[in-house]
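Worksheet: one structure, shown below.
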Amino acid sequence: MDPRKKNNLGENLPSKNDHKGKTTEIKTGAGAPVGNNQDTLTAGKRGPAMLQDVWFLEKMAHFDREVIPERRMHAKGSGAFGEFTVTHDITKYTKASIFSEIGKKTQMFARFSTVAGERGAADAERDIRGFALKFYTDEGNWDMVGNNTPVFFFRDPMKFIDLNHAIKRDPRTNMRSPNTNWDFWTSLPEALLQVTIVMSDRGIPSSYRFMHGFSSHAYSFINANNERTWVKFHFRSNQGIQNFTDQEAEMIIAGDRESHQRDLYEAIEKKKYPKWTMYVQLMTEEQARNMQTNPFDLTKMWPKKDFPLIEVGEFVLNKNPDNYFQDVEQAAFAPSNVVPGISFSPDRMLQGRLFSYGDAHRYRLGVNHHQIPVNSPKGVENPHAFHRDGQMRVDGNLGSELHYEPNSYGNWTESERDYEPKQDGGHVYRYDFREDDHDYYTQPGMLFRAMTKEQKQVLCENTARNMADATLQIKHRHINNCYQADKEYGEGVAKALNINIEDVDLNLPKRDSKENNYKANNAHPEL
Ligand code: HEM
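In the UniProt record's numbering, the protein residues as written are 1 to 527.
Structure (structure tokens):
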């Protein structure tokens, strides 16, 4: 239902009541009432405007900044909120909590888009359609940022910038150029499958409701036993597929440049909620090894006869955003937003994207874009990233919480849920430096022993002054570290700190593994 008031002819009125149902006076950004919103303050009846008209200045200055950069691609789009429901069990393949049980529901947001046109472009253009889904899972947001095509023009992210230059406006004429577009496409033979799809009858969906969506890339599923399966996601429209011919599209655009936006918005207002069924294609690591073609080549599909679609669930879009700018324009989807149980693959295009989106968001929306409601992880209690400060930090900025790790207080530790197996055949892993090197003390000991008696004393006294205000536990830890390097070093620091070395536990576990590190940090919680 459109929440706006209607006039006596039944037409929607721009409402004064949209703000929490209350009619209120106009106020400045600082909250003071505005007495006159019609006439600028002037020096005399026919005189010039005054700099002192601060309300006019504020109003104009805000307006001057209302526009934010549009997305570099996919600038024109439509969005809606909805819900995902699991219908089939795939817990054998993934521990992702969104799929943990049949019937589980997860709130979500979707944005569909065209690619090449700017923010004001017509919808019914021949182009790929973006198919971006944000699932607010209880282990963080999972963004599935796909297209309505299962493949892409090329397989190396280095070419993405050239693609966009070729399909966007010519730098001299400021017009789109079929010549540069086709020059680029035809120079890349690997683009032919994607070009064929875009030029086919599916090249102009009649609206966003009547198209399928694809992750296109392979991702990883990781199960509770930490085993990996490669996966591609498919979303098939329950509305079916409907397309426009070029001629139909021309007619549509002549009368309505917002045909996709209108169709999605009105369908949801009329409660004709669009639905898509989610499927996955799965490939074992062994199958991947034995594939003749590279399974991580984005210009190729995985044949359905070898890797059939497996049904997983469905999503429905059932709520229009109340404010387009807030929720759709400011939405930030990033393929890097994955959750435990879903991870990446060696697809180089995907790797390029893992950097590009967050980078674009920091430019387009700012470093704290995670706090914009549509982007914030709604399913998670108390999200915490140790991120601090930055422009437009408005969520309390973690108050007085510690903002480093490791710390001696057990605050905010890593999660075992996020562990990943090594990538098959590759060397990609978070290798622990400590596995190679347990020797932290030899060189500090050598340096200490190379010092004169006076230098040793200065070292110990400097240390004592510097850490005077640290807790006893931290002092003990440092004495122990020094003692491991050289007995005399430990004793010297203890003495300078006025601590009896006998009181220090000199058998504290060494910091040679993550587990011991944690134990060492918490060895003397009473101190
Ligand atoms: C939007 C980069 C390939 C789907 C964007 C944006 C960037 C980008 C910078 C704008 C982000 C923003 O401002 O919010 C890249 C790069 C690619 C690539 C560097 C390849 C190396 C792809 C592929 C797909 C895709 C292969 C689909 C499988 C999308 C979608 C959006 C988007 C759906 C719009 C997201 C939204 O609705 O906000 N891309 N892209 N992109 N891209 Fe890509």
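C-beta: ideal position from N, C-alpha, C; glycine also.
- Per DSSP, I222 lies in no alpha helix (DSSP H); the unbroken beta strand (DSSP E) holding it starts and ends at 219-222.
- The three-state secondary structure of D432, taken from DSSP, is coil.
- Assignment of beta-bridge partners to Y419 by DSSP yields no partner.
- Sequence-distant partners of S207 (beyond 5 residues in either direction) whose C-beta falls short of 6 Å from its own C-beta, in its chain, are H260, D263.
- Between the alpha carbons of A32 and M392 lies a gap of roughly 22 Å.
- Here S408 is not bridged, per DSSP, to any residue.
- Taking a cut-off of 8 Å on C-beta distances, the segment 363-378 touches the segment 325-342, as three or more cross pairs fall below it.
- In the pairwise beta carbon analysis, the segment 334-349 is classified as touching the segment 135-153: at least three pairs are separated by under 8 Å.
- I241 is positioned such that its CB atom lies closer than 7 Å to that of F210.
- Contact annotation: the segment 167-185 does not touch the segment 307-325, with fewer than three C-beta pairs closer than 8 Å.
- At a cut-off of 6 Å, the beta-carbon of A132 counts as near ligand 1: some heavy atom of the ligand is closer than that.
- F160: member of the alpha helix (DSSP H) spanning 160-167, first to last residue.
- Going by DSSP, M283 is part of the beta strand (DSSP E) stretching over 275-283.
- Pairing A360 with G445, the inter-Cα distance amounts to about 48 Å.
- In the same chain as V394, and ignoring 5 residues on each side of it, the C-beta atoms closer than 7 Å to its own belong to Q371, in chain order.
- The Cβ-Cβ distance between H165 and D347 does not fall below 7 Å.
- In the three-state reduction of the DSSP assignment, Y440 falls in the coil class.
- For V380, the closest of G10, N7, D138, S97 by C-alpha to C-alpha distance is D138.
- Here the distance from the Cβ of V504 to the nearest heavy atom of ligand 1 is not below 6 Å.
- With a threshold of 6 Å, the Cβ atom of N147 counts as near ligand 1, since some heavy atom of the ligand is closer than that.
- K232: member of the beta strand (DSSP E) spanning 228-237, first to last residue.
- Residues G490, V504, D505, L506, L508 of the same chain have their beta carbon placed closer than 8 Å to that of N480, with the five preceding and five following residues left out of the count.
- The C-beta of S400 has fewer than 16 other C-beta atoms within 10 Å across all chains shown, which makes the residue exposed.
- Among the bridge pairs identified by DSSP, S78 is matched with F112.
- For Y136, DSSP records a beta bridge to N141.
- Residue range 310-319 is occupied by the beta strand (DSSP E) that includes K319.
- Not one heavy atom of ligand 1 is found less than 6 Å from the C-beta of M446.
- If you check the C-beta of Y357 against ligand 1, you find a heavy atom less than 6 Å away.
- In this chain, the alpha helix (DSSP H) harbouring A61 covers 54-64.
- For the set P377, P406, Q455, R477, the Cα lying nearest the Cα of T106 is the one of P377.
- Ligand 1 approaches F160 closely enough that one of its heavy atoms is under 6 Å from the residue's Cβ.
- Approximately 6 Å separates the beta-carbon atoms of M467 and K475; this is inside 8 Å, confirming the contact.
- For A360, the enclosing alpha helix (DSSP H) begins and ends at 348-364.
- Taking the Cα of Y219 as reference, the smallest distance to any Cα among L192, A288, H478 is reached at A288.
- K305 and G341 have their C-alpha atoms roughly 26 Å apart.
- With fewer than 16 other Cβ atoms from the protein chains shown falling within 10 Å of its own Cβ, H384 counts as exposed.
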